[in-house]
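Here the structure is laid out as structure tokens; the discussion comes afterwards.
In my numbering, the protein residues as written are 952 to 1204.
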């Protein structure tokens, strides 16, 4: 697999430019979600969006794969009613998936920009995981299908599910896992089990650890969702979006 390249992310001016470009892409995308579409072609928009994602995150990145499968309507995250009730619903959900991928890319870039801006500050270093984690822990059995996993992610509007074997947690599955490890390989979402594409073992962090430590661990493990524990019991999940919220609050006067 080609090495992932994040072009220019070490320079704040280039990072600012990428943030602005993704914001512009999202503005250009709004007409496609409304009934009054402009003269712009969705195909041309997809070409521009994929080129931008490839330039910033890499042609073989999770982000590029996620957009491709959202565009083709093959995402495991499309709800069952959209997959079974007709072309119109599938197209609509496919558009929503495109938007979510672009918003995720923007959130990632904004987080990196805030990391650079506060690197010399001490405010964020005082924050702990418990202050920003989500207390809503969602789980799924290892024998469930990836289609069921996608439906749960959509239903609860979360990006990850803790996987259990009926008695203990044994792994974690994310929306990215469903795309990269299942859909991208052509696996049948109706028969492929969660155990096939989950990540294990579960990487966790204690609730009283600092956000700085959490960020370091997520970067080291190349993960975007980090289960939080209290005395070895999972009590929440910290995600990249939670870190972004932390930086927003720390930098608000």
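Where a beta carbon is used, it is the ideal one built from N, C-alpha and C, also for glycine.
Note to self: I'd like to confirm the pairing. Which residues does DSSP put opposite residue 1178 in its beta bridges?
What the structure shows: For the purposes of this step, residue 1178 is identified with residue 227 of the chain shown, where counting begins at 1. Beta bridge pairing from DSSP links residue 1178 with 1188.
Margin query: Suppose you measure from the CA of residue 1114 to the CA of residue 1056; what does that come to, to the nearest Å?
Written below: Indexing the chain shown from 1 puts residue 1114 at position 163. Indexing the chain shown from 1 puts residue 1056 at position 105. Here the alpha carbons of residue 1056 and residue 1114 stand approximately 26 Å from one another.
Check: Quick one: what's got a C-beta closer than 8 Å to residue 1185's C-beta in the same chain, skipping five residues either side?
Finding: One-based indexing of the chain shown puts residue 1185 at position 234. Cβ within range, chain order: 1088, 1113, 1120, 1153, 1155, 1178 and 1179.
Checklist line | C-alpha distance - residue 1107 paired with residue 1101, whole-angstrom precision | finding: Your numbering for residue 1107 matches position 156 in the chain shown. Your numbering for residue 1101 matches position 150 in the chain shown. So the alpha carbons of these two residues sit roughly 10 Å apart.
Margin query: Counting beta carbon pairs with one atom in the region 1159 to 1172 and one in the region 1078 to 1093, are three or more of them shorter than 8 Å?
Written below: Yes, the region 1078 to 1093 is in contact with the region 1159 to 1172.
Notebook entry, point to check: What residue does the beta strand (DSSP E) around residue 1123 start on, and which one ends it?
Noted result: To locate residue 1123, count along the chain shown from 1; it is residue 172. Residue 1123: member of the beta strand (DSSP E) spanning 1120 to 1125, first to last residue.
Checklist line | Beta-ladder partner(s) of residue 1134, from DSSP | finding: Here residue 1134 corresponds to residue number 183 of the chain shown, with the count starting at 1. By DSSP's assignment, residue 1134 forms no beta bridge with any residue.
Margin query: So, at 8 Å on beta carbons, what are the nonlocal neighbours of residue 1062 in its own chain, with the 5 sequence-adjacent residues on each side left out?
Written below: Counting from 1 along the chain shown, the entry for residue 1062 is found at position 111. Closer than 8 Å at the Cβ level, and outside the excluded window around residue 1062, lie 1191, 1194, 1195 and 1198.
Checklist line | Anticipated Cβ contact below 8 Å, residue 1000 with residue 976, distance rounded | finding: The sequence position of residue 1000 within the chain shown is 49, counting from 1. The sequence position of residue 976 within the chain shown is 25, counting from 1. Yes, they are in contact, since the Cβ atoms of residue 1000 and residue 976 sit about 6 Å apart, within 8 Å.
Notebook entry, point to check: If you draw a straight line from the alpha carbon of residue 1090 to that of residue 1143, how long is it in whole angstroms?
Noted result: As a working mapping, residue 1090 is identified with position 139 in the chain shown. As a working mapping, residue 1143 is identified with position 192 in the chain shown. For residue 1090 and residue 1143, the distance between alpha carbons rounds to 17 Å.
Check: Roughly how many angstroms lie between the CA atoms of residue 1139 and residue 1059, to the nearest whole one?
Finding: For this step, residue 1139 is matched to residue 188 along the chain shown. For this step, residue 1059 is matched to residue 108 along the chain shown. Cα to Cα, the separation comes out at about 30 Å.
Notebook entry, point to check: Between residue 1014 and residue 1020, is the Cβ-Cβ spacing less than 8 Å?
Noted result: Translated into positions along the chain shown, residue 1014 becomes position 63. Translated into positions along the chain shown, residue 1020 becomes position 69. It is not a contact, given that the beta carbons lie outside the stated cut-off.
Note to self: Less than 8 Å between the beta carbons of residue 1125 and residue 1137, yes or no?
What the structure shows: Counting from 1 along the chain shown, the entry for residue 1125 is found at position 174. Counting from 1 along the chain shown, the entry for residue 1137 is found at position 186. At a Cβ-Cβ threshold of 8 Å, residue 1125 and residue 1137 do not count as neighbours.
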